[in-house]
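Notes follow once the structure below has been shown.
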Amino acid sequence: MSWFQRQSDLIIETLSFCFNSVLMLDEAHERTLYTDIAIGLLKKIQKKRGDLRVIVASATLDAEKFRDFFNQNETNDPSRDTSMILTVEGRTFPVDIFYIQSPVPDYVKSAVETVMKIHQTESDGDILAFLTGQEEVETIVSMLIEQARVLSRSGMKKHLRVLPMYAGLPSSEQMKVFERVSQSVRKVIVATNIAETSITINGIAFVIDCGFVKLRAYNPKTAVECLVVVPVSKASANQRAGRAGRNRSGKCYRLYTEEDFEKLPQSTVPEMQRSNLAPVILQLKALGIDNVLRFPFLSPPPAQSMVQALELLYALGGLDKHCRLTEPLGMRIAEFPLNPMFAKMLLESGNFGCSQEILSIAAMMQIQNIFMFPPNQKAQAIRKHRKFAVEEGDHLTMLNVYEAFIKHSKSSQWCQEHFLNYKGLVRATTVREQLKKLLVKFKVPKKSSEGDPDPVLRCIVSGFFANAAKCHSTGAYRTIRDDQELHIHPTSVLYAEKPPRWVVYNEVIQTSRYFMRDVTAIESTWLLELAPHFYQEGTHLSLKAKRVKVDDH
């Protein structure tokens, strides 16, 4: 029995025989990867603890699915059911729903027009508009601020206070949405789906729903995980509408037709069915669950996604040919609270003599939106950001930002002057300390490359070799793994520059095209040198031809 199997048995035994008789799982509707893992583990534990009561709570839940999953009644007699649904009525106010008559070509423009119509025709009450992401939020905020100025000059007495709300926004800016305003001011909050369930904002009387949401999705055929914009589910649409009825009766304006609403899926696809499963498989195996295919998933993931995850973990050296965790590498990778590629990169950093730099890079890559772009100071912000940019790409650029932040004594004033996310950088220092403790635990040598970029770049490739792409004559990139067409994201320091022949990247997002984010230029020879098992031998049949592609400089 492996160490992790013993740990898994210990965890289950501890929970099985602890004195607690009730466990409560709240916000279960979010269906994150680790929520679903917890649900599966609870089902296993219940088999040993017949007296254990599991309460699954949510405002928007597919209750029947959970009831059937936890029900241990194997007979046709419903009186012997071990699961039931309890409904607690909350206090809500009526919300009138309004649909558009025909589809709009541009929901961003339509959202702005709807806000202004409400402001000019409706009585008191704040407005909450749902959009898909930061870029859309900031675009609408800028448009509304300009419209508000025009109205103010025309003599309208009631003013608009326009506020953005998204996950990457500094906390000081996020808190502004909760501030009270005078009766002569109406708040307009332009938000992503963070405002659906994560927070409650008092005073909202009007909701505008664009009808879309940005989700992370994994395509096992191309091995690309990306952010995609998709229609919301009915559950999410109803949750959005409900935000207008928390404190008073309200109205919800849906920027789609009633016919389109009826076509929406009942609920959002769980992360377990649309994510790269490498971290999930790693954690399950770390818990001693070797046969992951027999784990009781509430929503079983696609078989091809499981296969791709196993192949990646094998290529990283985390699994052996029998799909068991390797010792010590696989066990160590499993201890990092990171994507396995980052964990492999960190564990190899001592061998490349750059653990100090890689720690900083890994920490920075866990933080979103380090660069800030205030709507009325974008050009100035871009000029300041260029001071940190280097031709090698985004990873070393982020390293420069972090080192400059430390050099300037973690100054919030310095961050403000350089349009950098102070809270995000402080968080990066905390993450770095956590990762540093793991490297110390695993006796990874504390070394610096002393300004030499090559060891750092080679170390990055040691973790991210599977995310390699080559530039073609068209200017587009194609992945080595599955020949997927990609482009450098406009936020990258490599965008609009002479495109490097070869790159590796952290992730892909999909808008009008597939864009690589966090991109770094590399040498093709490093792929053959650092991942010969992947590009020469191949981890599955389709990879056996990759040697030819890599050799073709």
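Residues in the sequence shown are numbered from 1 upward in steps of one, following UniProt numbering.
The beta carbon of each residue, even a glycine, is placed where N, CA and C say it ideally should be.
None of these values were measured; they are calculated from a predicted model.
| Query | Result |
| --- | --- |
| Per-residue DSSP class, three states only, for residue 571 | Outside the shown range of the chain (1 to 553) lies residue 571, about which nothing can therefore be said. |
| C-alpha distance - residue 114 paired with residue 152, whole-angstrom precision | 18 Å |
| Beta-carbon gap between residue 131 and residue 108 smaller than 9 Å | yes |
| Rounded separation between residue 99 and residue 253 - CA only | 6 Å |
| CA nearest to the CA of residue 497, picked from 520, 512, 480 and 483 | 520 |
| Local Cβ density within 10 Å of residue 149, reported as buried at 16 or more and exposed below that | exposed |
| Within the stretch 399 to 461, ranges of the alpha helix (DSSP H) (whole runs, at least 4 residues) | 412 to 417 and 422 to 441 |
| Check whether residue 370 and residue 456 have beta carbons under 9 Å apart | no |
| First through last residue of the beta strand (DSSP E) which encompasses residue 497 | Careful: residue 497 lies outside any beta strand (DSSP E) and carries neither H nor E. |
| Under the three-state DSSP convention, the category residue 228 falls into | strand |
| C-alpha distance - residue 4 paired with residue 41, whole-angstrom precision | Bear in mind that a pLDDT of 40 at residue 4, under 50, signals an unreliable position, so the number given afterwards is only what the model happens to contain. So the two alpha carbons sit approximately 15 Å from each other. |
| Spatially closest choice to residue 516 from 395, 274 and 524, by CA coordinates | 395 |
| Nearest residue (CA-CA) to residue 87, options 59, 438, 314 and 221 | 59 |
| Three-way DSSP call (helix, strand, coil) for residue 467 in this model | helix |
| Cβ pair residue 297, residue 36 closer than 9 Å | yes |
| Backbone CA spacing between residue 305 and residue 54 [nearest angstrom] | 30 Å |
| Residue 479 (DSSP reduced to helix, strand or coil) | strand |
| Coarse secondary structure for residue 485, derived from DSSP in three states | strand |
| Three-state secondary structure (DSSP) of residue 117 | helix |
| For residue 421 and residue 195, the rounded distance between their alpha carbons | 21 Å |
| Run of the beta strand (DSSP E) containing residue 59, from where it starts to where it stops | Note, residue 59: premise wrong, no beta strand (DSSP E); not H, not E. |
| Three-state secondary structure (DSSP) of residue 217 | strand |
| Nearest neighbour of residue 484, chosen from 392, 508, 118 and 463 [CA to CA] | 508 |
| Sub-9 Å separation of residue 310 and residue 330 beta-carbons | no |
| Under 9 Å between C-beta atoms of residue 300 and residue 355 | no |
| For residue 416 and residue 167, the rounded distance between their alpha carbons | 19 Å |
| Cβ neighbour criterion (16 or more within 10 Å) applied to residue 544 | For residue 544, the pLDDT reaches just 44, beneath the cut-off of 50, and the residue's location in the model is therefore unreliable, leaving the point undetermined. |
| 6 Å Cβ shell around residue 247 - same chain, five flanking residues per side excluded | 202 |
| From 399, 377 and 380, residue whose alpha carbon lies closest to that of residue 367 | 399 |
| Inside the stretch 500 to 533 only - alpha helix (DSSP H) runs reaching at least 4 residues | 524 to 530 |
| Residue span of the alpha helix (DSSP H) that contains residue 153, given as start and end | 134 to 153 |
| Per DSSP, the bridge partner or partners of residue 98 | 253 |
| Cα-Cα separation, residue 568 to residue 391 | Not covered by the structure: residue 568. The range shown for the chain is 1 to 553. |
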